[in-house]
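Take a look at the structure below.
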Amino acid sequence: MTPRYLTITLMSALISAALLLPTLGFADSALLTPCPASTHSKILDYEDKALCARVAVAEANQINSRSITLNVVVLPATTRAKLADPLVLLAGGPGQSVVSVGPAWAGRFENLRKDRDFLLIDQRGTGDSNSLACTEALAPIFDEGDLDGDVNLVLGQQITALKDCLKTLDADPRFYTTIDAAADLEAVRLRLGYPAMNLFGVSYGTRIALVFNRLYPDAVRSLLLDAVAPVDMLIPAQVGLDADLAFERITAECDQTPTCQSAFPDLPAQLLQAEQRLRQTPNQLITNPLTGEQQNVTLDPRVINRLLRSALYSRTLRQVIPLAISEASKGRWQVLAGIANVLSPDASANDLSLGMMASVLCSEDMSRMNPEPQNGVYFDNALQELLAGVCPIWPHNPVREDYFLPVASPVPALLMSGTEDPITPPVYAERALAFLPNGHHLTVTGGAHGVSQLGCLPKLIEGFLKELSFNTDDAECVQAIQGQPFFSNYAGPFETEQEAKADD
């Protein structure tokens, strides 16, 4: 049985109130019914007037294809004077269930739901849309535990579990790609009677939005793209290298701050020292952050690598990375254990559909990549390492070469990036922007993976959806969003320069 923290470390490396009784308006009132509490309790906790539907679609675009059903949720607009065009939330991963993350996501953008429905569709292969999560096969790997474990062992267990899962799936994994998901979205749009839609994608969800826009341009009113992953970006290719760049930004920022540089000199050397310490003495004594009990564990050096890369995704966890590295270089692992606990509080094998991820990335990105993982100086490429073992046994059809052509469109688009993003840094948004003549790109200093909820951005998004244009003068407020200071010790962060001046 493999510890939960170690397993989630690998997976996360692959890799967050109604006012008035709403009317159904433009949606199909016969198809949508109140969501049942037995299957949608999380949604109902957020919005007790949520509406649900099961929409049948063909699994494959061929004669006599079997049907699968999609899990569809509508969070109705909260006023009666609602607009016809919904906001469609598109989740990341690939493999996340948007219905699962939808309440947290929607809660950040309450103002946008005053006059628009929010449409959530579990992408085929995720959530309750004929899932390829392989929950039962992977469940034994997700055991309660600590950081004890071997990365190679877990990797082998995941590949074996997915191979075993294939025998039990009521699905053909070859037909669970981004193009298939785009066709599903159009089928749901037509069934519900919506006109052109506003597509709001984060991370891999931005790829779905762009592909849908290419295939069904008349069905798109606007694009909101946060942490952009365009079709010509091979998602697994740069995992280690882009994480290196994000880490180098941390080291540069620390070196330019006298208090941080004094406390944590030469972070790259300390990281290598921590990993070397574990190679020499893998048996370590740590305190379980959940129970407070001391445990003897065998720590794989690559656990540090995977945990820190996952922490780079969060602008909050990024604050403790220098402290975590410094402590680990001295043989103290508590900060890393705390990071692991934050990353996987209630993890299960169903958090991310590994089967759906394999269907997408094996058919698309991996079809163009060298099978040998491209590691960075400090961070390896866990995602490509996993897929290199999975793709040979996972049924998939490589997409056509023209799939990777940039998506060119005149649709109004708002692109958003964080300067510290370790997987979709701003360069990818700039690449997509070159083919979106009515697009605008906002770069948030100190932002990590996903920035649309920060500072004034929700207000800017609201204005953009209303006007379908963007005044660059309004974007000055984005400059007020700054990175958060690093922790100096367990008590909290260093005093910022502004705070120091205020104390003088």
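Mapping to the working numbering: the sequence shown position 51 is 54, numbers consecutive.
Glycine included, C-beta positions come from ideal geometry on N, C-alpha and C.
This structure is a prediction, so every number in the text was calculated from the model and none was measured.
Proximity below 7 Å, CB of residue i to CB of residue j
i    : j    : result
L73  : I144 : no
L339 : L310 : yes
L47  : C38  : yes
P97  : M419 : no
T284 : Q337 : no
N308 : D383 : yes
K166 : I484 : no
L417 : L227 : yes
S134 : P415 : no
G341 : P292 : yes
V454 : G421 : yes
R305 : V157 : no
P79  : D51  : no
Per DSSP, the bridge partner or partners of residue i
i    : result
H444 : L418
V300 : Q287
P57  : The question names Pro, but residue 57 is Arg in the sequence shown. Note: R57 sits in a beta bridge opposite N74.
P37  : L54
L90  : F121, N201
D229 : V205, M419
N67  : Beta-bridge pairing links N67 to no other residue.
V223 : M200
F490 : P496
Outcome for residue i when other beta-carbon atoms lying within 10 angstroms are tallied against a minimum of 16
i    : result
A494 : exposed
F490 : buried
V481 : buried
Q160 : buried
K333 : exposed
S132 : buried
S347 : buried
I426 : buried
A107 : exposed
G442 : buried
L445 : buried
G295 : exposed
T301 : exposed
N492 : exposed
R282 : exposed
R312 : buried
P325 : buried
Q126 : buried
I211 : buried
T254 : buried
P233 : buried
G110 : exposed
S329 : buried
D477 : exposed
Q65  : exposed
N201 : buried
L288 : exposed
L195 : buried
K85  : buried
R192 : buried
Option nearest residue i by Cα separation, candidates the options
i    : options                : result
Y431 : V410, T171, I66        : V410
D183 : V363, P285, E256       : V363
D88  : F473, D477, K469       : K469
V231 : A451, E465, L471, G486 : A451
L320 : D424, P401, F267       : D424
L122 : L135, T129, A94        : A94
L90  : L115, S100, Q99        : L115
F407 : K170, L237, E113, K52  : L237
S317 : A190, A109, G449, D173 : G449
V76  : N155, A314, V223, Y49  : Y49
G128 : D120, G421, T36, D173  : D173
I71  : A59, P79, Q65          : A59
S370 : T180, A255, R280       : T180
G105 : G208, C459, L195       : G208
Q456 : A40, F203, P79, L86    : F203
T81  : L213, E256, D269, A53  : A53
V205 : D229, G458, Q298, V242 : D229
N515 : I464, A185, D476, D235 : In this structure the chain extends from 4 to 507, so residue 515 is not present and cannot be described.
G379 : G196, A249, K85        : A249
L315 : Q297, Q377, E251       : E251
L389 : A246, E375, P401       : E375
P220 : A199, P239, A246, D120 : A199
F178 : F438, E367, P488       : E367
K170 : A140, E465, A190, G196 : A140
Short CB-CB distance (under 7 Å) between residue i and chain B
i    : result
P304 : Reference to chain B is not applicable here, since this structure consists of a single protein chain.
To test your reading of the DSSP string, which unbroken beta strand (DSSP E) runs of 3 or more residues are found completely within the segment 101 to 151?
If one requires a minimum length of 3 residues, the beta strand (DSSP E) runs lying completely within the segment 101 to 151 are 121 to 124, in chain order.
Within the segment 331 to 416, note down every full alpha helix (DSSP H) run reaching 4 residues or more, in order along the chain.
You should have 337 to 346, 357 to 366, 385 to 393.
Length-filtered (3 minimum) beta strand (DSSP E) runs lying within the segment 241 to 286
You should have found no qualifying run.
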